[in-house]
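Engineer: Be aware that the sequence shown starts at 1, since it is given in the working numbering, and climbs by one per residue.
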Amino acid sequence: MDTLLSIGLSHQGAMLRRMDVIANNIANASTTAFKRERVVFQDYLFTMKGEGPKELRDVRMVLDYGVVPDMSKGEFIMTRNPLDVAMENEGFMVIQNDEGERLYTRNGNFRINIDGELTTQTGQRVLGVNDQPIRINPDDTNIIITEDGTMRSDLGDIGQIQMVQFANYQGLERRGDSLFATEREELPPDELRLVQGALEGSNVNPIEQVTSMINVLRSYQSMERSLNTYSEQQDRAIERLSQVQA
Numbered sequence: 001m002d003t004l005l006s007i008g009l010s011h012q013g014a015m016l017r018r019m020d021v022i023a024n025n026i027a028n029a030s031t032t033a034f035k036r037e038r039v040v041f042q043d044y045l046f047t048m049k050g051e052g053p054k055e056l057r058d059v060r061m062v063l064d065y066g067v068v069p070d071m072s073k074g075e076f077i078m079t080r081n082p083l084d085v086a087m088e089n090e091g092f093m094v095i096q097n098d099e100g101e102r103l104y105t106r107n108g109n110f111r112i113n114i115d116g117e118l119t120t121q122t123g124q125r126v127l128g129v130n131d132q133p134i135r136i137n138p139d140d141t142n143i144i145i146t147e148d149g150t151m152r153s154d155l156g157d158i159g160q161i162q163m164v165q166f167a168n169y170q171g172l173e174r175r176g177d178s179l180f181a182t183e184r185e186e187l188p189p190d191e192l193r194l195v196q197g198a199l200e201g202s203n204v205n206p207i208e209q210v211t212s213m214i215n216v217l218r219s220y221q222s223m224e225r226s227l228n229t230y231s232e233q234q235d236r237a238i239e240r241l242s243q244v245q246a
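(1) Taking Asn28 as the reference, which of Thr182, Asp177, Ala198 and Thr211 has the closest Cα?
(2) Measure the C-alpha to C-alpha separation of Met15 and Tyr220 and round it to an integer number of angstroms.
(3) Counting pairs of Cβ atoms below 8 Å between the region 150–164 and the region 120–139, do you hit three or more?
(4) By DSSP, does Thr119 sit in helix, in strand, or in coil?
(5) State the beta-bridge partners of Glu200 as determined by DSSP.
(6) Exposed or buried, Val210, counting other C-beta atoms within 10 Å across all chains shown (16 or more means buried)?
(7) Report yes if the CB atom of Asp84 is closer than 8 Å to the CB atom of Ala198, and no otherwise.
(8) Using only the heavy atoms of the ligand ADP, determine whether one of them is closer than 7 Å to the beta carbon of Arg111.
(9) Could you check the C-alpha separation between Gln170 and Arg36 for me, to the nearest Å?
(10) Are Pro206 and Ile26 close, meaning C-beta to C-beta below 8 Å?
(11) When you compare the CB positions of Asn109 and Thr32, do they come within less than 8 Å of one another, or not?
(12) Who are the near neighbours of Val195 in its chain, counting only those whose CB is closer than 7 Å to its CB and skipping five residues on each side?
(13) DSSP three-state call for Ile22: helix, strand or coil?
(14) In the DSSP output, what is Ser133 paired with across the bridge?
(15) Measuring alpha carbon to alpha carbon, tell me which of Gly201, Gly116, Asn215 and Asn113 ends up nearest Met19.
(16) Look up Leu187 in the DSSP assignment and say whether it is helix, strand or coil.
(17) Taking the Cβ atom as the reference point for each residue, do Val40 and Val68 lie within a distance shorter than 8 Å?
(18) Where do the N-terminal and C-terminal ends of the beta strand (DSSP E) with Met71 fall, by residue?
(19) State the Cα-Cα distance for the pair Phe92 and Gln165, rounded to the nearest angstrom.
(20) Given a threshold of 16 other Cβ atoms within 10 Å of its Cβ, counted over all protein chains shown, does Thr229 qualify as buried or as exposed?
(21) Ser202 and Phe34: beta carbons closer than 8 Å?
(22) Measure the alpha-carbon distance for Arg57 versus Gln12 and round it to whole angstroms.
(23) Between the C-alpha atoms of Arg184 and Ile95, what's the straight-line distance to the nearest angstrom?
(24) Determine the closest residue to Gly128 out of Asp115, Gln121, Met151 and Ile144, with distance taken between C-alpha atoms.
(25) In whole angstroms, what is the alpha-carbon distance linking Arg17 and Leu179?
(26) Could you spell out the range, first to last residue, of the beta strand (DSSP E) harbouring Thr182?
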């Protein structure tokens, strides 16, 4: 494929990927504890074969390297629901799905299922520090959740919500419902604090994301016009060459 065409198409592919990510961010602007994503780009520099100065033969291509979450904290929304919790610091609460897989979330919009287990709104169990689901007795009233995740009622201690951290967040895989999976090593919590009766909002700024979408769309359209112009020039050159040879 023509080198200039390859460069243009790589640019457009990267812009399409970025538009998809921005659109998903906008769609989740009101999702509890949603973390906006951003595309990480990587420059590839190679030198074309041929004569002439090397600096004129150097070609730079931009490809999207991957998508990473922005783990900055969203604003807190006070709900006064005793089973709602928001995390003050970076970190996650540990969740277990029906397949026994460990997942991680900052969405503390919890409920109690028919078996008396503390779960997410979609039914995944909240794990305690003993790696077991937290169970709440039907007679438990006036539930209190302290900063360290300890749950108490009028009958005494119920359990403690397990919280963990990671060295970095590049290995996090989204699983929907503000859940993440990762194979990275869990680190013990470092001053993690919960706020009862509150939820963390999405960290998406809709106006900022719409502005980014407009800029990306303009960049895509500009490259598309350039590719069309280049293609037309190539066609005219081929046509003139065929006329000369005739």
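From the three backbone atoms N, C-alpha and C, an ideal C-beta is built for every residue, glycine too.
Structural biologist: Looking at the atomic coordinates:
(1) Asp177
(2) 6 Å
(3) yes
(4) strand
(5) Phe76
(6) exposed
(7) yes
(8) Absence of the ligand ADP from the depicted structure is noted, as is the absence of any ligand whatsoever, leaving it without description.
(9) 13 Å
(10) yes
(11) yes
(12) Phe76, Val85, Ala86 and Glu88
(13) helix
(14) Just to set this straight, residue 133 is Pro in the shown sequence, not Ser. DSSP lists Leu127 as partners of Pro133.
(15) Asn215
(16) strand
(17) yes
(18) Unbroken run through Met71: none, as it is neither H nor E.
(19) 6 Å
(20) exposed
(21) yes
(22) Since pLDDT at Arg57 reaches only 47, below the 50 mark, its modelled position is unreliable, and the value read off the structure follows with that caveat. Going by the C-alpha atoms only, they are around 22 Å apart.
(23) 15 Å
(24) Met151
(25) 22 Å
(26) No beta strand (DSSP E) contains Thr182, which DSSP labels as neither H nor E.
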